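Heads up, the thing below is written out as structure tokens.
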């Protein structure tokens, strides 16, 4: 678990990947109280982000943001070149919402998918914005990948309380030359996969789906949830506000509470933060 397994159907020029997130996904949602439909949608986004993030060639951060006008107003997921993931969702649904009441399209409504790629070596990030299309998150990303990479792609995504998984296929330029029927055949075989099968060991799953094909399975890339507390960053933010603003905030409430939405951490500061951030002048003794 917690890995991306890339593979290649060598005789067909079709590449793919299987992502399986377990403990990292559980850790990401442990302190959240998402409704099941929101949690599962975020899990599918975590799986596809890990899939696409595994192709990062240079150090940096890949971020996906889905914004809509439905019950789920925002999904955010990002990862770096080490496949360290973090993400969050904003939704009006309470934790008791039925897990089977709506499709991804119903949950998100009309909206857009925003990709942001920030290489460590570049000051300006690359950004791409496309409308959300299709009834599922997989369909939305299939459309995005086909437009951005100019090659057909298929995705199968599933998520629950304990895992988030995805299977990815992409037709490469020489596929039709090697076998004109290859892509259609592999697509039909992959479409038989059941959600529970995406948790199988990759060797077992790929053999079951493509037992008549030559499949090269590469070494897995490990993934992890990585969102540590960063109190220094929050303190620097408060410091930038100035003493008067902090005094005003403490006058309105005895405690300053700041929530890191993407990581789920809360930072609380009492009146002592004033002298810690803005030390008083020394006393005159004589």
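In the working numbering, the protein residues as written are 3 to 288.
A virtual CB, placed ideally from N, CA and C, is assigned to each residue, including glycine.
Model, not experiment: these values are computed from the prediction.
Worksheet item: By a C-beta neighbour count over all protein chains shown, 10 Å radius and 16 as the cutoff for buried, is residue 206 buried or exposed?
Response: Here residue 206 is taken as the residue at index 204 of the chain shown, counted from 1. Classification for residue 206: exposed.
Worksheet entry | Burial state of residue 204 (16 or more Cβ within 10 Å) | Walking along the chain shown from the start, residue 204 turns up at place 202. Buried, by the Cβ-count rule.
Worksheet item: So, are the CB atoms of residue 229 and residue 23 less than 8 Å apart?
Response: In the chain shown, counting from the first residue as 1, residue 229 sits at position 227. In the chain shown, counting from the first residue as 1, residue 23 sits at position 21. Not in contact: residue 229 and residue 23 (Cβ atoms no closer than 8 Å).
Worksheet item: What does a CB cutoff of less than 8 Å around residue 88 pick up in its chain, not counting 5 residues either side in sequence?
Response: Locating residue 88 in the chain shown gives position 86, where the first residue counts as 1. Result list for residue 88: 30, 79, 80, 81, 227, 228, 229, 264 and 265, in chain order.
Worksheet item: By Cβ distance, which residues of its chain are closer than 6 Å to residue 181, with the 5 residues on each side in sequence left out?
Response: The residue you call residue 181 lines up with position 179 of the chain shown. Result list for residue 181: 14, in chain order.
Worksheet item: Ends of the alpha helix (DSSP H) at residue 41?
Response: On the chain shown, residue 41 is found 39 positions in, with the first residue counted as 1. Looking at the DSSP string, the run of the alpha helix (DSSP H) that includes residue 41 is 38 to 55.
Worksheet entry | Whole-angstrom distance between residue 261 and residue 254, CA atom to CA atom | Here residue 254 refers to the residue found at position 252 of the chain shown. Here residue 261 refers to the residue found at position 259 of the chain shown. Cα to Cα, residue 254 sits roughly 17 Å from residue 261.
Worksheet item: When the Cα atoms are used, what is the spatial distance from residue 35 to residue 112?
Response: Taking the chain shown and counting its residues from 1, the one referred to as residue 35 is at position 33. Taking the chain shown and counting its residues from 1, the one referred to as residue 112 is at position 110. Between residue 35 and residue 112, the C-alpha separation is close to 25 Å.
Worksheet item: Helix or strand or just coil, what does DSSP make of residue 16?
Response: For the purposes of this step, residue 16 is taken as the residue at position 14 of the chain shown. Strand.
Practice prompt. Reducing DSSP to helix, strand and coil, say where residue 113 ends up.
Written response: The count along the chain shown starts at 1 and reaches residue 113 at position 111. Three-state DSSP puts residue 113 in a strand.
Worksheet item: Is the beta carbon of residue 49 less than 8 Å from the beta carbon of residue 124?
Response: Along the chain shown, one-based indexing puts residue 49 at 47. Along the chain shown, one-based indexing puts residue 124 at 122. No; because the gap between Cβ atoms is not below 8 Å, this pair is not in contact.
Practice prompt. Could you check the C-alpha separation between residue 240 and residue 256 for me, to the nearest Å?
Written response: Here residue 240 refers to the residue found at position 238 of the chain shown. Here residue 256 refers to the residue found at position 254 of the chain shown. Roughly 15 Å separates the two Cα atoms.
Worksheet item: Helix, strand or coil: which one does DSSP assign to residue 234?
Response: The count along the chain shown starts at 1 and reaches residue 234 at position 232. Residue 234: helix per DSSP, three-state reduction.
Worksheet item: Do the segment 65 to 77 and the segment 107 to 121 touch if we need at least three Cβ pairs shorter than 8 Å?
Response: yes
Item to complete: Report yes or no: do the segment 89 to 98 and the segment 35 to 44 share at least 3 C-beta pairs separated by less than 8 Å?
Response: yes
Worksheet item: Would residue 179 be called buried (16 or more neighbouring beta carbons within 10 Å of its own) or exposed?
Response: For this step, residue 179 is matched to residue 177 along the chain shown. Per the 10 Å Cβ criterion, exposed.
Fill in: Residue range of the unbroken beta strand (DSSP E) whose run includes residue 149
Your numbering for residue 149 matches position 147 in the chain shown. Not the beta strand (DSSP E): residue 149 falls in the alpha helix (DSSP H), residues 139 to 151.
Worksheet item: If we ignore side chains and look at the alpha-carbon of each, how far apart do residue 268 and residue 126 end up?
Response: If you number the chain shown from 1, residue 268 lands on position 266. If you number the chain shown from 1, residue 126 lands on position 124. If you take the alpha carbons of residue 268 and residue 126, they lie about 30 Å apart.
Worksheet item: What three-state label does DSSP hand residue 180 in the structure shown?
Response: For the purposes of this step, residue 180 is identified with residue 178 of the chain shown, where counting begins at 1. Reduced to three states, the DSSP call for residue 180 is helix.
Worksheet item: Between which two residues does the beta strand (DSSP E) harbouring residue 156 extend?
Response: Looking up residue 156 in the chain shown gives position 154. Segment 155 to 161, the beta strand (DSSP E) holding residue 156.
Worksheet item: Nearest chain C C-beta to residue 77 closer than 8 Å, yes or no?
Response: Protein chain content of the structure displayed is limited to a single chain, and chain C is not contained in it.
Practice prompt. Compute the Euclidean distance between the alpha carbons of residue 148 and residue 154, then round it to the nearest angstrom.
Written response: Taking the first residue of the chain shown as 1, we reach residue 148 at position 146. Taking the first residue of the chain shown as 1, we reach residue 154 at position 152. If I take the Cα positions, the gap works out to 5 Å.
Worksheet item: Would you say residue 245 and residue 280 are within 8 Å of each other, going by their C-beta atoms?
Response: Position 243 of the chain shown, counting from 1, holds the residue named residue 245. Position 278 of the chain shown, counting from 1, holds the residue named residue 280. Yes, Cβ-Cβ distance for residue 245 and residue 280 is below 8 Å.
Worksheet entry | Where the alpha helix (DSSP H) through residue 245 begins and ends | In the chain shown, residue 245 corresponds to position 243, counting from 1. It spans 245 to 254 - the alpha helix (DSSP H) in which residue 245 sits, taken as one unbroken run.
Worksheet entry | Helix, strand or coil at residue 26 [DSSP, three-state] | What you label residue 26 is simply residue 24 of the chain shown in a count that begins at 1. Helix at residue 26.
Item to complete: Less than 8 Å between the CB atoms is what I'm expecting for residue 68 and residue 58, so what's the real figure, rounded?
Response: The sequence position of residue 68 within the chain shown is 66, counting from 1. The sequence position of residue 58 within the chain shown is 56, counting from 1. Rounded, the Cβ-Cβ distance is 20 Å, inconsistent with contact.
Worksheet entry | When 186, 199, 163 and 10 are compared against residue 97, the one with the closest alpha-carbon | Position 95 of the chain shown, counting from 1, holds the residue named residue 97. Closest option to residue 97, Cα to Cα, is 163.
Discussion item. Quick check: the Cα distance between residue 231 and residue 273, rounded to an integer number of angstroms?
Written reply: Counted from its first residue, the chain shown places residue 231 at position 229. Counted from its first residue, the chain shown places residue 273 at position 271. Each residue's alpha carbon lies about 21 Å from the other.
Worksheet item: Taking the alpha-carbon positions, what's the residue 33 to residue 27 distance?
Response: Walking along the chain shown from the start, residue 33 turns up at place 31. Walking along the chain shown from the start, residue 27 turns up at place 25. Their Cα atoms are separated by approximately 12 Å.
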